[in-house]
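J.: In this text, residue positions in the sequence shown follow the numbering used here: the first is 303, and each later residue adds one.
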Amino acid sequence: MKSNLLTAAVIAIGLALAHGALRPVEAPLWAALRAEQPALRLATAGAMAGQGLTLGVLGGFRAIAADFTWLRVFVIWEKRDLPATETLLRLVTAIDPRPVYFWLNGARIVAYDMTAWRIAAAGGYDAVPAAEQERLGMQQAHLALHHLDEAMAFHPASADLWIERGSIELNRLHDPLAAAASYRHAWEQPGAPYFVARLHAEMLRRAGRKAEALAWLVRLHPQLPKQDEAAGADMVLGRIRDLERELAVPLDRVYRTAP
303 MKSNLLTAAV
313 IAIGLALAHG
323 ALRPVEAPLW
333 AALRAEQPAL
343 RLATAGAMAG
353 QGLTLGVLGG
363 FRAIAADFTW
373 LRVFVIWEKR
383 DLPATETLLR
393 LVTAIDPRPV
403 YFWLNGARIV
413 AYDMTAWRIA
423 AAGGYDAVPA
433 AEQERLGMQQ
443 AHLALHHLDE
453 AMAFHPASAD
463 LWIERGSIEL
473 NRLHDPLAAA
483 ASYRHAWEQP
493 GAPYFVARLH
503 AEMLRRAGRK
513 AEALAWLVRL
523 HPQLPKQDEA
533 AGADMVLGRI
543 RDLERELAVP
553 LDRVYRTAP
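#1: Verify the CB distance criterion: does I366 have a CB-CB separation below 8 Å to chain D?
#2: May I have the straight-line CA-CA distance separating D530 from Y496, to the nearest angstrom?
#3: Rounding to the nearest angstrom, what Cα-Cα distance links V394 and A453 in this structure?
#4: Along the alpha helix (DSSP H) that carries A560, what are the first and last residues, could you check?
#5: Tell me which same chain residues have a C-beta within less than 7 Å of the C-beta of A499, skipping the five on either side of it?
#6: In the structure shown, what three-state DSSP assignment does A424 receive?
#7: Do A446 and V402 count as a contact pair if the criterion is CB distance below 8 Å?
#8: Which runs of the alpha helix (DSSP H) spanning at least 4 residues fall entirely within the stretch 375-405, listed in chain order?
#9: Measure the Cβ-Cβ separation of A533 and P527 and say whether it is below 8 Å.
#10: Give me the Cα-Cα distance between A246 and F363, rounded to the nearest whole angstrom.
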């Protein structure tokens, strides 16, 4: 009986999502799911893990349940409810860790939105000292990086996760060397976009490691297909020339392109 209740609730969720009729059924369906599955009561992350989310019960409806939960994330997100949003972000990836989308956007919410919420709660950007704003931002950045670490356990070959990590390390932790390492890891993954290889060199340059950046670009350039605009072969060559000038590379040692 209980199992049938859960299945019916999840099916109804899917129909609601498909027909845009979520709000009228949201509360009773969510109540039914929580009543059937104690792990969905969202008390704390620890309690959720302790009760053990019984994914086997959800079966083939995991994706639907996760999508429904993700919509709940945005309902709570609009209210700037940090603890509830944080818990729901953990819940959605516990229900279905397969979509990289959940992990990526969860990391962005933790790193950027939650920082803004905490500053607002402390009085706003005009009232909170810059040093305190920076401290809050770094705290949230580290939490976001931990979130991405968990994501990589499920998606070890995801370039997108490494790119997001590099972005947070650069923009929130102001650590171009850490970002350089993340962008390099991203480039090593299957199907990585060309721009991350250029970003790796740019981070090295910003960190003062211009010789390393030049060596990287010199190795990279011959690998880039000239007919693919996204590869940016001409752009990379231009950056090589800029670095050669900055480093005063002798004429007999400048990079020579293949004829």
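Even for Gly, the Cβ is constructed at its ideal location relative to N, Cα and C. Since the model is a prediction, treat every value here as computed from it, not as a measurement.
T.: Walking through what the data contain:
#1: Although the question refers to chain D, the structure presented lacks it and comprises just one protein chain.
#2: 10 Å
#3: 12 Å
#4: From DSSP, A560 is part of no alpha helix (DSSP H); its letter is neither H nor E.
#5: W489, L522
#6: coil
#7: no
#8: 384-397
#9: yes
#10: As shown, the chain starts at 303 and ends at 561. That puts residue 246 outside it, with no answer to give.
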